[in-house]
Amino acid sequence: MIRVLAVARNTVREVVRERIVLVLAIFGAALVAASQVLSPLAMGEGKKVVTDFGLAGSSLLATLLAVFLGSSLLHKELDRRTIYAVMAKPIRRAEFLVGKFLGLWTTTGFLLAGMTLTVLAVLTVVHGETPWILFGSLLLTVMELGIVTAFVIFFSSFTTPGLTAFFTVSVIVTGNFAEQILYFGGHGDSPVLAGMTNALYWIVPHFATFNARGMVTHGIAVPPERIAFAVTYSLLYMGALLTVAGAIFERKDFR
Amino acid sequence: MREVAPLPLLHVDGLTKVYRDPMTLKPFTAVDGLSFSLDRGEIFGLLGPNGAGKTTTIKLILGLGRPTRGSIRLDGRDPRDPAARRRLGYLPENPCFYDHLTAVEYLELTAALFGIDAQAGRRAGLALLERLGLAAHVRKPLRKFSKGMIQRLGLAQALLNAPTFLVLDEPMSGLDPIGRAEVKQILREERSRGTTILMSSHVLAETEPICDRVGIMSGGKLLEVGTISGLLATGVREWEISVESLPERPAAELRAAGHRVEPLGTRWLIRIAEGPALQRALKVLTQSEVFVNSVEPRRETLEEHFVRALSRGKAARS
């Protein structure tokens with residue numbers, strides 16, 4: 011475990027020392043603050059605008075960071091050959107991948123938490139209300155981010171940064187419209203298409219499970235059983251992805 | 012009771028690595044049927060020109076790649092087993108480390124990867140930075156390090172776990188003469204501690220004084236393995252007679268006998284190819300009252316042997 015944590019800590023340092031994280035953090039905070047500007051247009055629903063806009067914006071920024079910074083993390087190690095000295099140490103390749111995953115997930119998770127706290131601060135100071143239920147939504151989004159990060163690591167283990175980003179964005183889009191894809195596939199004439207959409211429905215992660223932003227915007231707390239299901243589902247999904255990624259990476263030749 | 016010979020630290024048997032071009036799938040044999048063993052406590056030099064297959068061999072020994080054929084046993088284990096790499100130190104060729112870290116942060120990371128606790132790792136790291144002349148740069152980001160400083164840091168991270176087996180890929184690369192002398196001194200100290208060292212190089216002058224045995228590689232094949240004295244022709248290749256001045260008559264006589272007569276600064280050098288001819292040449296010089304400064308035998312150098320082995324290897328392939 012000490013080795014996994016060492017790789018994770020190094021990944022956090024690597025990501026945090028990239029200026030883009032600071033820029034994104036400032037941009038996120040500015041975005042949340044800017045949502046306050048829109049609240050007079052919402053005819054007394056300013057609190058909802060800030061919550062909805064702030065949570066959606068912070069989720070989007072954290073996801074973009076995970077996809078676009080994460081896609082090149084592993085490739086950079088191979089390209090600059092920093093991985094050689096690391097993999098000659100007594101560490102398993104799967105441990106290295108898990109360390110990279112944990113480092114990236116921690117960083118994006120903290121960025122997300124920071125932006126959610128900014129939303130909470132704006133609501134407290136401007137609207138005189140502290141909706142603690144935001145943390146339920148935050149937890150679900152962090153778990154969703156975990157799956158996205160696991161996909162980034164999975165695709166990085168065998169393909170290029172560009173394709174990693176492309177495949178991960180495709181999974182995010184497909185995963186957000188899983189129900190609709192199944193519905194349209196089932197209503198066509200082709201049994202082949204129906205079978206394919208059915209298979210796709212079961213393979214892609216159901217990101218809708220993690221989206222509780224609408225609920226908390228309307229002041230409804232996320233039920234504990236939904237949180238328990240989402241956490242279990244995401245942990246299993248991440249575990250499966252990282253196991254396959256580890257097996258692929260284990261067979262890789264470092265040239 | 013019968014004494015059992017200790018297992019070699021490294022045993023490579025029929026090692027072959029074939030890569031395929033990802034586009035054309037055309038095969039390329041980088042390492043071709045390599046077999047050799049390393050005994051504990053020796054310094055072994057893997058010599059060869061660029062592209063000979065030295066770095067690929069090293070990567071396979073470290074478990075960074077899978078052999079296409081053949082086997083490698085590192086202390087009796089497959090090198091892909093992390094346990095086999097616990098007491099191994101590795102310096103890559105033209106090393107590149109995380110440039111977002113400082114020297115001490117990098118060594119802390121290295122210590123953690125070896126499972127050394129943070130305090131002990133930091134202490135060992137600082138001591139090594141001091142030993143390698145980097146004490147003043149402990150907190151400097153690695154992106155500001157020169158090539159020589161990176162090479163020294165590479166050696167520090169390779170020594171951090173007090174290895175029993177050191178693998179150094181071109182360890183003298185990027186170092187100034189003082190740095191090279193320091194590295195040689197460190198390698199001698201490590202050998203006296205009982206560490207086995209495998210180093211690759213294409214600079215023969217650097218390896219000859221410190222290696223116990225060498226292997227000469229070319230075109231992915233191991234052409235020769237042995238001690239330097241064993242590999243080099245033991246006999247005298249030629250004799251060199253050095254004289255202060257050489258009148259025209261004995262010079263012409265020596266040239267007529269087939270010897271090479273060359274001016275060397277203020278002196279003259281006469282090269283005699285065979286022992287019996289030496290006596291006759293000395294007689295000519297004494298009869299002409301030429302003062303002989305010295306008579307020295309010249310043996311084959313590792314460089315000459317290396318060139319000869321490579322051209323033999325090339326001829327065998329064609």
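Residue numbers (my numbering), protein chains in the order written: chain A, 11 to 265; chain B, 12 to 329. Where is the CB? At the ideal position from N, CA and C, for every residue including glycine.
Check your understanding: Applying the criterion that 16 or more other CB atoms from any shown protein chain within 10 Å of the CB defines a buried residue, is B/A129 buried or exposed?
Key -> Numbered from 1 along the second sequence, position 118 holds the residue referred to as residue 129 of chain B. B/A129 should be labelled exposed.
**Study point:** Residue of A/T170, A/S167, A/F165, A/M125 minimising C-alpha distance to A/A66
**Key:** On the first sequence, position 56 is the one that residue 66 of chain A refers to. Ranked by how close their Cα comes to the Cα of A/A66, the residues A/T170, A/S167, A/F165, A/M125 have A/M125 in first place.
Check your understanding: When burial is assigned at 16 or more other CB atoms within 10 Å of the CB, is B/W279 buried or exposed?
Key -> By one-based count along the second sequence, residue 279 of chain B stands at place 268. The residue in question, B/W279, is buried, as its Cβ has 16 or more Cβ neighbours within 10 Å.
**Study point:** chain A within 8 Å of B/K37, Cβ atoms only
**Key:** Residue numbering aside, residue 37 of chain B sits at position 26 when the second sequence is read from its first letter. Interface residue (Cβ-Cβ distance to chain A less than 8 Å): B/K37 is not classified as such.
Exercise for review: Would you please verify whether the beta carbon of B/Q168 is less than 8 Å from any beta carbon of chain A?
Suggested key: What you label residue 168 of chain B is simply residue 157 of the second sequence in a count that begins at 1. Judged by the 8 Å Cβ criterion, B/Q168 is in contact with chain A.
Practice item. Assuming A/V14 and A/G119 form a contact by the criterion Cβ under 8 Å, report the distance between their Cβ atoms to the nearest whole angstrom. Key: Locating residue 14 of chain A in the first sequence gives position 4, counting from the first residue. Locating residue 119 of chain A in the first sequence gives position 109, counting from the first residue. Their Cβ separation, rounded to whole angstroms, is 17 Å, which puts A/V14 and A/G119 out of contact at 8 Å.
Point to revise | Whole runs of the alpha helix (DSSP H) within the region 47-125 of chain A, excluding any shorter than 4 residues | key: Qualifying alpha helix (DSSP H) stretches, in chain order: 56-89, 92-97.
Practice item. Could you work out which residues of chain B lie near A/A97, taking near to mean beta carbons separated by less than 7 Å? Key: By 1-based counting over the first sequence, the position of residue 97 of chain A is 87. One detail in the question is off: residue 97 of chain A reads as Met in this sequence, not Ala. The answer, in chain order, is L75.
Check your understanding: Between which two residues does the alpha helix (DSSP H) containing A/F239 stretch?
Key -> Here residue 239 of chain A refers to the residue found at position 229 when the first sequence is read from its first residue. Note, A/F239: alpha helix (DSSP H), 234-260.
Review point. Going by other Cβ atoms of all chains shown within 10 Å of its Cβ, with 16 needed for buried, is A/Y193 buried or exposed?
Key: Here the question's residue 193 of chain A lines up with position 183 in the first sequence. A/Y193 comes out exposed.
Check your understanding: Between B/K151 and chain A, is there a C-beta pair that is closer than 8 Å?
Key -> In the second sequence, counting from the first residue as 1, residue 151 of chain B sits at position 140. So, not an interface residue.
Exercise for review: Pull up the DSSP beta-bridge partners for B/Y117, would you.
Suggested key: In the second sequence, the residue the question calls residue 117 of chain B occupies position 106. B/Y117 is not bridged to any residue.
Check your understanding: With distances taken between CB atoms, is the gap from B/L137 to B/L166 smaller than 8 Å?
Key -> What you label residue 137 of chain B is simply residue 126 of the second sequence in a count that begins at 1. What you label residue 166 of chain B is simply residue 155 of the second sequence in a count that begins at 1. Note that the C-beta distance between B/L137 and B/L166 is not below 8 Å.
Check your understanding: Since B/P93 meets chain A, which of its residues come closer than 7 Å, beta carbon to beta carbon?
Key -> By 1-based counting over the second sequence, the position of residue 93 of chain B is 82. P100, I101, R102, listed in chain order.
Practice item. Would you kindly check if the distance between the Cβ of B/W250 and the Cβ of B/P287 is under 8 Å? Key: Along the second sequence, read from residue 1 onward, the residue named residue 287 of chain B stands at position 276. Along the second sequence, read from residue 1 onward, the residue named residue 250 of chain B stands at position 239. In this structure, B/P287 lies away from B/W250, with their beta-carbon atoms at least 8 Å apart.
Review point. Taking A/A160 as the reference, which of A/L84, A/A98, A/H228 has the closest Cα?
Key: Numbered from 1 along the first sequence, position 150 holds the residue referred to as residue 160 of chain A. Comparing Cα-Cα distances from A/A160 to each of A/L84, A/A98, A/H228, the minimum goes to A/L84.
Check your understanding: Where does A/A98 land, buried or exposed, given buried means 16+ other C-beta within 10 angstroms?
Key -> One-based indexing of the first sequence puts residue 98 of chain A at position 88. That one is buried.
Review point. A/Y211 by DSSP, collapsed to three states: which one?
Key: The count along the first sequence starts at 1 and reaches residue 211 of chain A at position 201. In this structure, A/Y211 counts as helix in the three-state DSSP scheme.
Exercise for review: For B/C107, return the contacting residues in chain A, with the cut-off set at a CB-CB distance below 7 Å.
Suggested key: What you label residue 107 of chain B is simply residue 96 of the second sequence in a count that begins at 1. Residues of chain A passing the Cβ test: R90, R91, T92.
Practice item. List the whole-angstrom C-beta distance separating A/S244 from A/T174, where the pair is believed to meet the contact cut-off of C-beta under 8 Å. Key: Position 234 of the first sequence, counted from the first residue, corresponds to residue 244 of chain A. Position 164 of the first sequence, counted from the first residue, corresponds to residue 174 of chain A. Their Cβ separation, rounded to whole angstroms, is 20 Å, which puts A/S244 and A/T174 out of contact at 8 Å.
Review point. Hey, out of A/L32, A/T253, A/M225, A/F239, whose CA is closest to A/W142's CA?
Key: The residue you call residue 142 of chain A lines up with position 132 of the first sequence. Ranking A/L32, A/T253, A/M225, A/F239 by CA distance to the CA of A/W142 puts A/M225 first.
Review point. First and last residue of the beta strand (DSSP E) that includes B/F176?
Key: Taking the first residue of the second sequence as position 1, residue 176 of chain B is located at position 165. Its beta strand (DSSP E) spans residues 176-180.
Practice item. Give the range of the alpha helix (DSSP H) segment to which B/K28 is assigned. Key: Residue mapping note: residue 28 of chain B aligns to position 17 of the second sequence, counting from 1. Per DSSP, B/K28 belongs to no alpha helix (DSSP H); it is in the beta strand (DSSP E), 21-31.
**Study point:** Secondary structure of A/S167, DSSP reduced to three states
**Key:** Residue numbering aside, residue 167 of chain A sits at position 157 when the first sequence is read from its first letter. Three-state result, A/S167: coil.
Exercise for review: Would you mind stating whether B/R282 and B/H270 have Cβ atoms separated by less than 8 Å?
Suggested key: In the second sequence, counting from the first residue as 1, residue 282 of chain B sits at position 271. In the second sequence, counting from the first residue as 1, residue 270 of chain B sits at position 259. Between B/R282 and B/H270, the gap from beta carbon to beta carbon is short of 8 Å.
Practice item. Decide yes or no for the touch test of the region 56-72 of chain B against the region 220-228 of chain B: beta carbon pairs closer than 8 Å, at least 3 of them. Key: Yes: at least three Cβ pairs fall under 8 Å.
Exercise for review: Apply the 10 Å Cβ neighbour rule to B/Q168 and answer buried if 16 or more other Cβ atoms are within range, or exposed otherwise.
Suggested key: The sequence position of residue 168 of chain B within the second sequence is 157, counting from 1. Around the beta carbon of B/Q168, a 10 Å sphere encloses 16 or more other beta carbons of the protein chains shown; the residue is thus reported as buried.
**Study point:** CA-to-CA distance, A/V162 to B/V318, given in whole angstroms
**Key:** Counting from 1 along the second sequence, the entry for residue 318 of chain B is found at position 307. Counting from 1 along the first sequence, the entry for residue 162 of chain A is found at position 152. Answer to the nearest angstrom: the Cα atoms are 50 Å apart.
Point to revise | Status (buried if at least 16 other CB within 10 Å, exposed otherwise) for A/Y256 | key: Against the first sequence, residue 256 of chain A aligns to sequence position 246. Correcting the residue type first, residue 256 of chain A is Gly in the shown sequence and not Tyr. Under a 10 Å Cβ-count criterion, A/G256 is classified as buried, with 16 or more other Cβ atoms of the shown protein chains found around its own Cβ.
Review point. Which residues bound the beta strand (DSSP E) around B/I283?
Key: Numbered from 1 along the second sequence, position 272 holds the residue referred to as residue 283 of chain B. For B/I283, the enclosing beta strand (DSSP E) has its first and last residue at 278-283.
Check your understanding: In or out: A/I230 buried (at least 16 other Cβ within 10 Å) or exposed?
Key -> Numbered from its first residue, the first sequence carries residue 230 of chain A at position 220. Answer is exposed; the Cβ neighbour count stays below 16.
**Study point:** Exposure label - B/E181; buried when at least 16 CB within 10 Å
**Key:** Reading the second sequence from its first residue, position 170 is the one you call residue 181 of chain B. B/E181 counts as buried, since no fewer than 16 other beta carbons sit within 10 angstroms of its beta carbon.
Point to revise | Spatial neighbours of B/R248 in its chain, beta-carbon cut-off 7 Å, leaving aside the 5 residues before and after | key: Residue mapping note: residue 248 of chain B aligns to position 237 of the second sequence, counting from 1. Around B/R248: R309, R310, E311.
Point to revise | For B/D32 and B/G81, believed in contact at Cβ under 8 Å, the rounded distance | key: If you number the second sequence from 1, residue 81 of chain B lands on position 70. If you number the second sequence from 1, residue 32 of chain B lands on position 21. Not quite, the Cβ-Cβ distance comes to about 22 Å (not below 8 Å), so this is no contact.
Check your understanding: Taking 8 Å as the CB-CB cut-off, is B/K325 touching chain A?
Key -> Counting from one through the second sequence, the residue named residue 325 of chain B turns up at place 314. No, its Cβ sits nowhere closer than 8 Å to a Cβ of chain A.
Review point. In angstroms, rounded to a whole number, what distance separates the CA positions of B/S253 and B/I54?
Key: What you label residue 253 of chain B is simply residue 242 of the second sequence in a count that begins at 1. What you label residue 54 of chain B is simply residue 43 of the second sequence in a count that begins at 1. If I take the Cα positions, the gap works out to 37 Å.
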